[in-house]
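Participant:
Residue numbers (this note's numbering): 1 to 88.
#1: Using a Cβ distance threshold of 8 Å, determine whether the region 11-23 contacts the region 40-58, with at least three qualifying pairs required.
#2: I believe residue 24 touches residue 57 by the beta-carbon criterion, under 8 Å. Please report the beta-carbon distance rounded to the nearest angstrom.
#3: Just the Cα atoms here: how many angstroms apart are residue 6 and residue 52?
#4: Report buried or exposed for residue 20, applying the criterion of at least 16 other Cβ atoms within 10 angstroms of its Cβ.
#5: Compare the beta carbon distance of residue 27 and residue 48 with 9 Å and say whether it is the shorter of the two.
#6: Which parts of the region 38-69 are runs of the alpha helix (DSSP H), unbroken and 4 residues or longer, counting only runs that do not cross its ends?
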C-alpha cells in the first residue's frame, strides 16, 4: 500500500502564471492557474520520489522549515513620497 506524504506547496504568482514550490524537498513546478501549478507540483514531487535515493529523500526531509506570520511596520507614505521627490 502506498503511503501519502504530507508536504507543503507554496504557490506564487509570477508573470502570467504561477510557480509552485515544495520547500521540504526543494522541488519546483509551474502552471497557468493555481490548481494547475499545484497538480504539476504533485506530479514533480512524485517523479522525484520515484528516482531519488532513500538517503537523498531523507536528507531533504530533515530540513527544518518554519512558516509563520510576521508584522513589519509600514513606513509613513508621506515620508516615502518626500524621499522619492528628493532623489529626482
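A virtual CB, placed ideally from N, CA and C, is assigned to each residue, including glycine.
These figures come from a predicted structure and were not determined experimentally.
Facilitator: In short, the structure shows the following:
#1: At 8 Å Cβ cutoff, the stretches touch.
#2: That belief does not hold up - the Cβ atoms of residue 24 and residue 57 are roughly 10 Å apart, past 8 Å.
#3: Looking at the two C-alpha atoms, the distance is approximately 18 Å.
#4: Here residue 20 is buried, its C-beta having at least 16 other C-beta atoms within 10 Å.
#5: Yes, the Cβ-Cβ distance between residue 27 and residue 48 is below 9 Å.
#6: Those alpha helix (DSSP H) runs which fall completely within the region 38-69 and span 4+ residues are 54-61.
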